[in-house]
Structure formats: C-alpha cells, structure tokens
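Written below as structure tokens is the structure these notes are about.
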C-alpha cells in the first residue's frame with residue numbers, strides 16, 4: 002500500500018471523512034464510560050479523598066496536550082522535509098485541540114490543587130511549563146493566522162513549532178530539574194503502577210477517550226481547511242456536483 | 333557583496349561591523365532602549381513602595397523582566413530596515429552563507445542592545461540596593477544571557493517580518509522561549525543575594541549561549557528564506 006497516496010488533500014479528504022465518525026463514536030462511548038469508572042467505581046483515595054478524581058481528567062488532558070504538540074511538530078517537520086501540503090494542514094488542524102487540552106489540563110489541575118495543596122496555583126516548574134505550552138500553541142495559531150500567504154504561513158508555523166518543541170522535554174524533565182511542589186510521576190514504564198486497578202482503568206478509558214476526540218476534531222478541522230484551500234479545484238467541484246457538499 | 337561568495341567568517345564579521353556602524357550612526361535607537369530599561373525599572377519602586385527589603389527581594393526578577401522587554405523593543409530593528417530597502421534580499425541572493433550573515437547581525441544586536449543593559453546594571457543596583465556580589469551576578473548573567481535573547485529574538489523577528497500585528501505577535505512568539513533565560517538569569521542574582529554560589533546558573537546560561545549561538549542563526553536564516561520566498 003502506498004501511504005503517500007494520502008498525502009494528497011484530494012485523497013485524504015474522503016479518508017478523513019470516513020475515519021471521523023469512528024473516532025467520534027469511540028469518544029462518545031469512552032467518555033461516559035471513563036467518567037462512570039472514575040467517579041463511581043474507582044475507590045476513594047486514602048490521602049486525597051474524593052478530589053483526586055479530578056486527576057483522571059487532568060492527567061489524560063496533560064498527556065494529550067504534550068503528545069499533540071509533538072505530533073504537530075512531527076507534521077511540521079514532515080512538511081518542511083517532504084514539502085507536502087497536507088502536513089501543514091494537519092498541524093494547523095491539531096493545534097486548536099492541543100491548546101484546548103492544555104487549557105483543560107491547567108484548569109483541572111488548579112481545581113485539584115485547591116483542596117489538595119490549598120491553593121489554585123503554584124509557580125511550580127511543571128505547571129509553569131504547561132502554561133508555556135499553552136503560549137506556544139497560541140503563538141503557533143496566531144502566527145499561521147497572521148500571515149496571508151498560505152505557503153509562507155505553513156512554513157513559518159512549521160519552523161516555529163520545531164523551535165518550540167524544545168519545550169516539551171523541558172516539561173517532562175522539569176520534575177527532576179527543579180523538583181519542587183509537584184509530585185513525581187505515578188506511572189512509569191518500568192515498575193508497577195502505584196495505584197489501584199480500578200483507578201488505572203478509569204485513567205486508561207479517559208486517555209483513550211481524549212485520543213479519540215482529538216483524532217475526530219483533527220479530521221473534521223483538516224476537512225474544513227482542505228475545502229477552504231482547495232475550493233477552486235476540480236475534485237471539490239466534482240463533490241459539489243455529486244451533492245456531497 | 334556581489335563579487336563571489338564570502339567565507340562564513342568574513343560574512344559574519346562583515347554583517348556584524350556593518351550593523352555596528354549603523355548603530356553608531358543612529359545612536360538614538362540604541363539610547364531609546366536603554367532609557368526604556370531604566371524608566372521601566374524605575375516604575376517598580378513607585379508601584380510597590382520604597383521599602384528597601386521588598387525592593388531587594390524583587391530586584392533580580394525586575395532586572396531580567398525589564399531586560400526581556402527592552403530587548404523585545406529592539407528586535408524589529410534586526411531585519412526590518414534591511415527588509416524595507418531590499419538589502420535583505422540582496423544578502424540572500426549574494427551567495428554568502430546566510431546563517432553567517434544572520435549570526436553577524438545577531439552579534440551586533442547583542443553588542444548594541446544586550447551589552448549596554450549589562451553596563452547599566454550598576455545604576456539599577458543603586459536603585460534597588462543590590463550588594464556587590466549581586467551586582468556582579470547581575471552583570472555576568474546579563475552578559476551571558478542577552479546574546480541568547482538576541483538569537484531567539486532574531487528567529488521571531490525573521491518569522492514576523494512584514495506581518496500585520498508584528499510587534500505583539502513577536503512578543504507572543506519569543507517571550508515563552510526566553511523563559512529559561514529569565515529563570516537562570518534571575519536565579520543567579522538571587523543566589524548571589526543569599527550568599528550562595530551562582531556559578532551553576534552562569535554555567536547553564538553559558539551552555540544556553542553556546543546552543544543558541546549554534547542553532548539560532550540557522551533557524552533565523554531559514555525563517556528569512558521563508559519570509560522572502
């Protein structure tokens with residue numbers, strides 16, 4: 002199978018259209034499931050009581066916020082190297098979802114921090130890095146929106162995303178570098194997770210739900226971007242003639 | 333410039349000397365940034381009150397935040413004039429290595445916008461009651477840190493060249509990237525104030541300077557090519 006076939010907007014547009022309902026469906030099923038598992042099935046935490054349940058949302062969205070930035074940067078690098086049009090469109094389709102996840106992560110984190118640490122906000126390294134990540138997303142969106150020439154906007158945004166990607170490892174390792182109030186990671190690749198099975202399951206469902214949602218929105222957004230840019234092309238005219246638009 | 337390709341070093345020193353000369357001919361540009369730096373740092377005592385202990389406590393952050401803002405003012409100067417009169421385009425087509433030319437311009441910017449800030453710090457030290465150790469740390473951290481700002485700002489200035497909303501956009505793009513410099517720069521002064529060793533902060537700033545010196549000219553050159561494509 003030739004994967005480069007789908008680097009053309011004309012062939013990716015219908016594929017994205019086919020994939021989107023599946024991801025949207027998965028998100029619609031997984032989200033209530035994870036909320037039920039997290040808020041009703043998972044046991045009360047011995048130290049933090051009930052408020053720890055916010056963390057199911059917080060951890061999943063934080064994870065996604067960082068992963069999405071990496072994926073966005075990977076698309077940007079791909080676009081700069083192979084000069085494919087679709088890559089930049091994908092990056093711009095992912096950015097708003099990533100920014101929203103970052104915002105949700107910050108808000109849910111501060112809501113968890115109030116009962117646990119007694120304050121909504123601390124200037125801890127990891128929290129601050131997450132805030133910086135939000136600014137990086139906003140900078141990327143603002144730059145690509147501010148440049149009218151599409152080609153220049155794509156490439157300038159790509160370069161900015163690649164420069165900003167240096168920040169993502171700083172977020173991850175900041176726990177060790179500055180080591181302040183924020184607790185260390187509970188799940189490690191090696192070693193058993195330090196939490197109950199039911200909690201882990203809730204977190205897993207929530208993470209999958211977030212992934213599915215991110216895919217669904219990215220597919221939807223990239224379809225809009227493709228139509229915006231390729232509105233004058235023959236295949237869009239064909240779609241119009243078939244009544245698919 | 334048109335007579336054959338320049339080597340990297342001569343391109344770098346040519347661009348640096350040219351921008352230094354331009355800065356020397358138009359001293360007002362340089363002076364304005366310095367006045368801005370002193371003015372904004374002077375606003376803080378008026379805003380938070382004249383208690384010496386409080387001023388001493390916030391001084392490290394004030395010095396560095398104001399340095400960030402002051403350098404932000406001068407970034408558009410890096411490429412805007414050359415872009416407007418077509419010099420930049422000539423530089424790109426000249427065959428001289430563009431990253432070297434950009435590095436030269438960044439070096440000139442660091443010498444005309446960053447170094448003067450470091451030299452002005454004794455004045456700030458008097459205002460905020462910094463002792464000698466803290467003053468030395470402030471000067472050293474600014475000498476090491478402001479060239480990093482010039483490098484990062486160069487990337488931002490190249491990306492936003494001729495873009496609407498340029499100044500605010502530039503701030504949004506580069507300020508997040510400058511945060512590590514702010515942390516270690518202010519950290520050095522703070523450590524010196526409390527009588528601790530601050531060489532670790534300076535080492536990190538030095539490492540950042542080396543990394544920025546290597547990477548930023550290439551990134552900014554790529555951004556210029558994108559802007560003038």
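Chains as they are written, first to last, in this note's numbering: chain S, 2 to 246; chain U, 333 to 561.
Note that the Cβ used here is the ideal one computed from N, Cα and C, for glycine as well.
(message) Taking the straight line between their C-alpha atoms, what separation do you get for residue 121(S) and residue 379(U)?
(response) 26 Å
(request) Use the C-beta contact count for residue 495(U): other C-beta atoms within 10 angstroms, 16 or more gives buried, fewer gives exposed. (result) buried
(message) When you compare the CB of residue 433(U) with every CB in chain S, is at least one pair closer than 7 Å?
(response) no
(message) Residues in the same chain with beta-carbon distance under 6 Å from residue 553(U), minus the five sequence neighbours each way, listed in chain order, please.
(response) 430, 431 and 434
(message) For the region 128 to 143 of chain S, list every residue whose C-beta sits within 7 Å of some C-beta in chain U, in sequence order.
(response) 133, 136, 137, 139, 140 and 143
(message) Is there a Cβ of chain U sitting closer than 7 Å to that of residue 69(S), yes or no?
(response) no
(request) Take every Cβ of the region 45 to 53 of chain S, pair it with every Cβ of the region 62 to 75 of chain S, and state whether three or more of those distances are shorter than 8 Å. (result) no
(message) Against chain U, with Cβ distances strictly below 7 Å, would residue 78(S) count as a contact?
(response) no
(message) Runs of 4 residues minimum, wholly inside the region 29 to 98 of chain S: which ones carry the alpha helix (DSSP H) assignment?
(response) 55 to 83
(request) Report, in whole angstroms, the separation of the C-beta atoms of residue 537(U) and residue 516(U), which I expect to be a contact under 8 Å. (result) 5 Å
(message) Check whether chain S comes within 7 Å of residue 335(U), counting only Cβ atoms and requiring the distance to be less than that.
(response) Because the pLDDT at residue 335(U) is just 49, under 50, the model does not fix this residue reliably, and the point stays unresolved.
(message) Looking only at its chain, what residues have a beta carbon closer than 7 Å to the beta carbon of residue 452(U), apart from the 5 residues adjacent to it on each side?
(response) 366, 369 and 370
(message) Can you tell me where the alpha helix (DSSP H) holding residue 474(U) begins and where it ends?
(response) 464 to 491
(message) Suppose the cutoff is 8 Å on Cβ atoms and the five residues either side in sequence are ignored; what does the same chain contact list for residue 478(U) look like?
(response) 399, 403, 442, 445, 446, 447, 449 and 450
(message) Any contact between the region 149 to 167 of chain S and the region 98 to 108 of chain S? By contact I mean 3 or more CB pairs, one from each, below 8 Å.
(response) no
(request) Alpha carbon to alpha carbon, how far is residue 246(S) from residue 24(S)? Give it in angstroms, no decimals. (result) 21 Å
(message) Along the region 495 to 523 of chain U, where does the CB come closer than 9 Å to a CB of chain S? Name the residues.
(response) 495, 496, 497, 498, 500, 501, 504, 505, 506, 507, 508, 509, 511, 512 and 515
(request) Would you kindly check if the distance between the Cβ of residue 39(S) and the Cβ of residue 203(S) is under 7 Å? (result) yes
(message) Just to make sure I have the definition right: I need the residues of chain S whose C-beta is within less than 8 Å of the C-beta of residue 531(U). Which are they?
(response) Ordered by position in chain S, no residue passes the 8 Å Cβ test against residue 531(U), which lies about 17 Å from the chain.
(message) Mapping the DSSP letters down to three states, classify residue 339(U) as helix, strand or coil.
(response) coil
(request) Return the chain-ordered list of same chain residues with a C-beta closer than 7 Å to the C-beta of residue 109(S), the five sequence neighbours on each side being excluded. (result) 55, 58, 59 and 62
(message) Short of 7 Å in beta carbon distance, which residues of its chain neighbour residue 53(S), apart from the five on each side in sequence? Order them along the chain.
(response) 46
(request) Indicate whether residue 216(S) and residue 31(S) have their beta-carbon atoms separated by less than 7 Å. (result) no
(request) Please classify residue 528(U): does DSSP put it in a helix, a strand, or coil? (result) coil
(request) Consult DSSP for residue 121(S) and reduce its assignment to one of helix, strand or coil. (result) coil
(request) Over the uninterrupted alpha helix (DSSP H) stretch that includes residue 365(U), give me the two end residues. (result) 359 to 380
(request) Quick one: measure Cβ to Cβ for residue 81(S) and residue 127(S), integer angstroms, because I've assumed they're closer than 8 Å. (result) Actually they do not touch by this definition, with Cβ atoms about 30 Å apart.
(message) Within 7 Å of any Cβ in chain U, is that where the Cβ of residue 54(S) sits?
(response) no
(request) Output the distance between the C-alpha atoms of residue 244(S) and residue 18(S), rounded to the nearest integer angstrom. (result) 15 Å
(request) Specify the secondary structure class of residue 505(U) as computed by DSSP and reduced to three states. (result) helix
(message) Do residue 521(U) and residue 559(U) have their beta-carbon atoms positioned less than 7 Å apart in this structure?
(response) no
(request) Output the distance between the C-alpha atoms of residue 36(S) and residue 28(S), rounded to the nearest integer angstrom. (result) 12 Å
(request) Can you grab the Cα-Cα spacing for the pair residue 8(S) / residue 85(S), in whole Å? (result) 7 Å
(message) 7 Å is my cut-off, CB to CB: does residue 72(S) come that close to chain U?
(response) no
(request) Output yes or no for whether 7 Å exceeds the beta carbon distance between residue 508(U) and residue 136(S). (result) yes
(request) With distances taken Cα to Cα, identify the nearest neighbour of residue 74(S) among 130(S), 117(S), 212(S) and 142(S). (result) 142(S)
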